[in-house]
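Peer 1: Sharing a structure here in structure tokens format.
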Amino acid sequence: MDDVITLSSDSDEEDSDVVRPGRSREPRRANDRNNGTSTKRDLNKAMPPIPYQSLSLVYSTIDENYPEGTLQLLSDLLQPGHYPPRDITCHLLRGILLDLHCPYHLCVQAFNLLMKTQRHHIADRMAVPWDWELLTSVMVDQLNSFLVVRMLLDYVVQTLEDDFLAKRSINALHDSIAKATLSCDEQFPRVREVIKWLFSAIMKSTVQKEIYNASGLTHLHIVTAASMPVLPHSSFCPVDPCRMVSIFQRMLSLALEVDRSPALNSAKLSLELFHMLISDIPLRAHRTLLLESLQSKVLRCKLLEHLLDYACPLKTPLPMSLSLLLHFLKYCTLAPDPLDGTERWQRWEELLNLLWMLLLSYNKAMEGYLCNSVSEQRGSLGNSVYKPDDMISKPAIRDAVEAFLSRSKADLGQALPLHVEESLSYLQ
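Under UniProt numbering, the first residue of the sequence shown is numbered 1, with each subsequent residue one higher.
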């Protein structure tokens with residue numbers, strides 16, 4: 001009887017499907033995280049706003065349109081024991097940070113005060129100074145500088161994530177900012193907008209990388225992709241091409257998790273991403289950046305399944321499984337990249353990379369608890385859920401590998417480069 005191979009899960013990985021970039025990247029135990037959130041929540045209740053008497057001079061500087069004075073006074077008043085009322089944070093955001101005539105150094109000061117306020121007092125739906133209409137107008141009008149838009153997005157995502165964690169700890173995600181603004185169930189048109197911004201950022205990020213690598217400049221001119229919705233631009237931006245992509249991916253992760261049906265949400269999001277990918281993303285670098293920046297392994301697995309099925313001329317009714325992965329290895333052929341030139345072997349290397357990503361994502365996605373809501377994931381052991389189609393034999397693997405090598409040699413007229421064959425052997 002043939003040897004049978006199954007894929008085991010890595011019990012050392014974190015249980016959460018989404019790695020959430022916050023202030024501290026070190027993983028903490030669930031109890032520690034919940035206790036920390038609870039402490040912040042209790043602090044929010046105990047902390048009063050800064051007394052009006054103390055803010056009288058601040059309001060005077062606002063009336064006189066004297067932002068330097070406003071920022072200086074607030075810097076002196078803002079302490080861990082107190083926080084400014086919403087009308088003050090609204091002025092910091094709308095009246096200073098997003099003011100087209102405000103000097104950049106004052107915008108930075110306003111941003112720092114907003115983030116400091118957020119650290120001391122987590123904003124909820126009633127206190128948050130931004131709304132979706134404001135965010136959309138900034139993204140569409142393209143009047144603010146790139147750096148100011150990035151600060152706005154950093155602040156928006158920080159408020160979303162802080163409130164998400166606080167509400168999750170008390171099972172109140174239905175009352176979170178993310179639920180009101182980015183719910184796949186209730187606000188999917190807005191999620192589509194985030195996807196468009198994400199793809200625009202991906203297009204620009206890869207262009208910026210190419211210019212930077214070719215010129216060695218420390219600042220890059222932002223190039224607008226004519227076929228995509230464009231991000232706000234300025235003459236120059238810092239060399240951090242993946243920062244905006246990461247911000248939008250964090251927003252998509254919140255949209256995926258804030259409802260109680262992450263499995264359905266990942267199916268909806270993967271289809272949206274897939275259709276955008278095949279219609280508007282012509283280059284391998286764009287596809288790679290999108291896939292590598294996805295934070296949800298379930299979402300990445302579903303998107304890869306769509307992409308490889310699209311590239312496979314021989315369709316199969318197999319569900320996502322190790323047998324389907326072997327089918328893709330045996331029959332998939334990717335379209336050549338316009339930048340490959342004579343190095344046509346690169347599309348075969350890309351196919352292997354996609355299969356590697358699918359294998360690793362599926363390994364994690366097999367832990368079926370990842371398809372539960374975030375409140376149900378806590379306490380789950382993460383045992384892998386195997387299906388009959390995950391039982392594969394060594395001869396079946398050898399047959400798929402030989403078919404891959406035969407197809408690539410027929411296409412190229414020669415063997416694959418050594419490093420590609422090594423990648424294939426590791427996959428085998």
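Ideal placement from N, C-alpha and C gives every residue a C-beta, glycine not left out.
#1: Short of 6 Å in beta carbon distance, which residues of its chain neighbour E421, apart from the five on each side in sequence? Order them along the chain.
#2: Curious, which full-length alpha helix (DSSP H) runs of at least 4 residues does the stretch 248–299 contain?
#3: Skipping 5 residues on each side, what residues in its chain have a beta carbon closer than 7 Å to that of S38?
#4: Between E350 and L307, what straight-line distance do the alpha-carbon atoms span, to the nearest angstrom?
#5: Considering just the uninterrupted stretch of the alpha helix (DSSP H) at W356, what are its terminal residues?
#6: To the nearest angstrom, how far is it from the Cα of S24 to the Cα of D162?
#7: From the DSSP output, in three-state form, read off I96 for me.
#8: Leaving out the 5 sequence neighbours to the left and right, which residues in its chain are closer than 8 Å to D389 when beta-carbon positions are compared?
#9: If you reduce the DSSP assignment to three classes, tell me which class Y386 lands in.
#10: Assuming A178 and V258 form a contact by the criterion Cβ under 8 Å, report the distance between their Cβ atoms to the nearest whole angstrom.
#11: Where do the N-terminal and C-terminal ends of the alpha helix (DSSP H) with residue 429 fall, by residue?
#12: Can you check whether the CB of R125 is closer than 8 Å to the CB of A172?
#13: Which two residues bound the contiguous alpha helix (DSSP H) that contains E402?
#14: In angstroms, rounded to a whole number, what distance separates the CA positions of Q414 and L277?
#15: Is the distance from the Cβ of I50 to the Cβ of L153 below 8 Å?
#16: Taking C332 and A365 to be in contact with their CB atoms under 8 Å, please state how far apart those CB atoms are, rounded to whole angstroms.
#17: Should the stretch 52–65 be called in touch with the stretch 100–110, which here means at least 3 C-beta pairs below 8 Å?
#18: Could you name the residues that DSSP lists as bridge partners for P49?
#19: Can you check whether the CB of L294 is closer than 8 Å to the CB of R287?
#20: Rounded to whole angstroms, what's the CA-CA distance from V191 to S183? Just pull it up for me.
#21: Rounded to the nearest angstrom, how far is the Cβ of L329 from that of L355, given a contact under 8 Å?
#22: K167 by DSSP, collapsed to three states: which one?
#23: Please classify L264: is it buried, with 16 or more other beta-carbons within 10 angstroms of its beta-carbon, or exposed?
#24: In angstroms with no decimal places, state the Cα-to-Cα distance between K297 and K315.
#25: So what's C332 in DSSP terms, helix, strand or just coil?
#26: Can you tell me where the alpha helix (DSSP H) with A178 in it begins and where it stops?
#27: Less than 8 Å between the beta carbons of R86 and A127, yes or no?
#28: Grab me the residues of R243's own chain with a C-beta within less than 7 Å of its C-beta, minus the 5 sequence neighbours each way, in chain order.
#29: Using the C-alpha atoms, what's the distance from P80 back to L291?
#30: Is the beta carbon of L77 closer than 8 Å to that of S54?
#31: Kindly indicate the opening and closing residues of the alpha helix (DSSP H) around M115.
#32: Cβ of I88 within 8 Å of Cβ of P67?
#33: My output table needs one value for H419: the three-state DSSP class, helix, strand or coil.
#34: Would you tell me roughly how many angstroms separate the C-alpha atoms of N412 and H327, rounded to the nearest one?
#35: Starting from P338, trace the alpha helix (DSSP H) both ways and give me its first and last residue.
#36: To the nearest angstrom, how far is it from the Cα of N353 to the Cα of L360?
Peer 2: Taking the definition as stated:
#1: none
#2: 262–280, 284–293
#3: For S38, the predicted structure reports a pLDDT of 48, less than 50, and the residue's modelled location is therefore unreliable. The matter cannot be settled from this model.
#4: 12 Å
#5: 346–365
#6: Residue confidence for S24 is low, a pLDDT of 39 falling below 50, so the modelled location carries little weight and cannot support an answer.
#7: helix
#8: L318, P319, S321, L322, S323, L324
#9: coil
#10: 4 Å
#11: This structure leaves residue 429 out entirely; the chain is present only between 1 and 428.
#12: no
#13: 394–412
#14: 31 Å
#15: no
#16: That pair is no contact at about 19 Å.
#17: no
#18: Y83
#19: no
#20: 8 Å
#21: 6 Å
#22: helix
#23: exposed
#24: 24 Å
#25: coil
#26: 177–182
#27: yes
#28: R150
#29: 40 Å
#30: yes
#31: 104–120
#32: no
#33: helix
#34: It should be noted that the sequence gives Leu, not Asn, for residue 412. Distance between the alpha carbons of L412 and H327 is about 21 Å.
#35: Unbroken run through P338: none, as it is neither H nor E.
#36: 11 Å
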